[in-house]
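Here is the structure we will look at.
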Amino acid sequence: MFYHLLYGEQIVAIERIAYYFVYAFFIISGFSLYITYVNRLINMSDVRAYAVKRFRRIAPLFYLACLLQMLLVDSPNWKTVMLNMSLMFGFANPDSSSMVMGGWSIGIEMAFYVAFPVIVILTNRKLVLLSTVATASIILMAIFLNSTLSGQEQMTSELWRAYTQPIAFWGYFAFGCLLGEAYLRYRQALKGHWLWFPMIGLSAVPFFFVQVDNDISLLTGWEGALLMSSTLLMISSVAFAKEPSGHTLWVAQWLGRLSYPIYLLHPIMYLGIVSPLVKDNPSLRIGLTVITTLAFSTLVHHIIERRLGGSARLPAST
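Position one of the sequence shown corresponds to residue 1377 (the working numbering), numbered consecutively onward.
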């Protein structure tokens, strides 16, 4: 949210944070899905139950966001509407086919939801096989990124459309699944070790010191490989680090509950409500967008997500 607001107001564009936070999201997605469902996907009945739960998790709020987008911002053609209603727009150029700003990542996530049971069933908790899948996925992803982006100096709308395809993020999701298996196997021995916090700090260093001629170079070449490795290390270290407690835990849980509605709703609050009302005060626009987004996200979470979402909770042991 803050990245989009600062970028939209032309205050600052922290592209390295924007790119790699999205990558981190896909690692976390693969990780959380894996530790939740790895022992629950045995047969087709389990897969159907999984599909229903994932649909109920994503669809209600996404449909609301699409409706608000049409009412407050713009109205797409019916082909785009049908693609979004099916939640299959991740297979059809998700950036150009998503009705919601930033919704391309939801489309890609839905594509990964389709692939996830296949990965779980075929690898059958075999660490070597999972490692092979994750490694091959990362290599293919890197080849795609470098072949698509290398030599480009500006992220045009056409280049962004070519970049935002499932394969550009699949390696991170597959690594998240591998991290989930490692976590389930080794958490008793490794969870909470003091070394993980220095590892988190070490993994953050390249994001401050890597210098590039243009933002696209953050994703390619040795710079992209270094930042990718740092992201994998950071999320792995966070997974095994000691979990927060007290007020810090409460804030983390609160933000976690609201993360999905905040992500989908903040562009609508900004473009459809706040910006038309506040013309000449960027700071006020940002402040009002944050306040209205948090308030509406809280309301939506209680009314829609908790009642209709079917959100799967992680097992208590995790």
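For every residue, glycine included, the Cβ atom is placed at its ideal position computed from N, Cα and C.
S1513 carries a helical assignment under DSSP once its states are collapsed to helix, strand and coil.
Rounded to the nearest whole angstrom, the C-alpha separation of V1581 and G1466 is 33 Å.
Counting along the chain, A1601 sits inside the alpha helix (DSSP H) bounded by residues 1597-1616. At least 8 Å separates the beta-carbon of L1647 from that of S1673.
Taking each of C1553, N1590, L1608, L1566 in turn and checking the Cα distance to S1579, the smallest one comes out for L1608. In this structure, the beta-carbon distance from M1377 to I1644 does not fall below 8 Å.
Secondary structure within the stretch 1446-1490: the alpha helix (DSSP H) runs of 4 or more consecutive residues, fully enclosed, are 1454-1462, 1470-1473 (chain order). Apart from the 5 residues on each side of it in sequence, A1468 sits with its Cβ closer than 7 Å to the Cβ of L1459 in its chain, given in chain order. Annotated three-state conformation of S1673 is helix, per DSSP. Shown here for A1538: same chain residues with a beta carbon closer than 7 Å to its own, the five before and five after excluded, namely T1524 in chain order. In chain order, L1566, K1567, W1572 place their CB closer than 6 Å to the CB of F1616, counting only its own chain and leaving out the 5 sequence neighbours on each side. Under the criterion of beta carbons closer than 8 Å, A1510 and C1553 qualify as touching, at roughly 7 Å. If you draw a straight line from the Cα of L1521 to the Cα of W1546, it comes to about 11 Å. Between V1496 and V1414 the beta-carbon gap is near 6 Å, inside 8 Å, which marks them as a contact. Between I1411 and Y1559, the CB-CB gap stays under 8 Å. Exclusion of the five residues before and after V1588 leaves L1594, E1599 as the residues of its chain whose Cβ lies within less than 8 Å of its Cβ. Boundaries of the alpha helix (DSSP H) around L1554: 1543-1566.
The straight-line gap separating the alpha-carbon atoms of S1462 and M1475 is approximately 12 Å. Annotation for Q1629: the continuous alpha helix (DSSP H) segment containing it runs 1622-1644.
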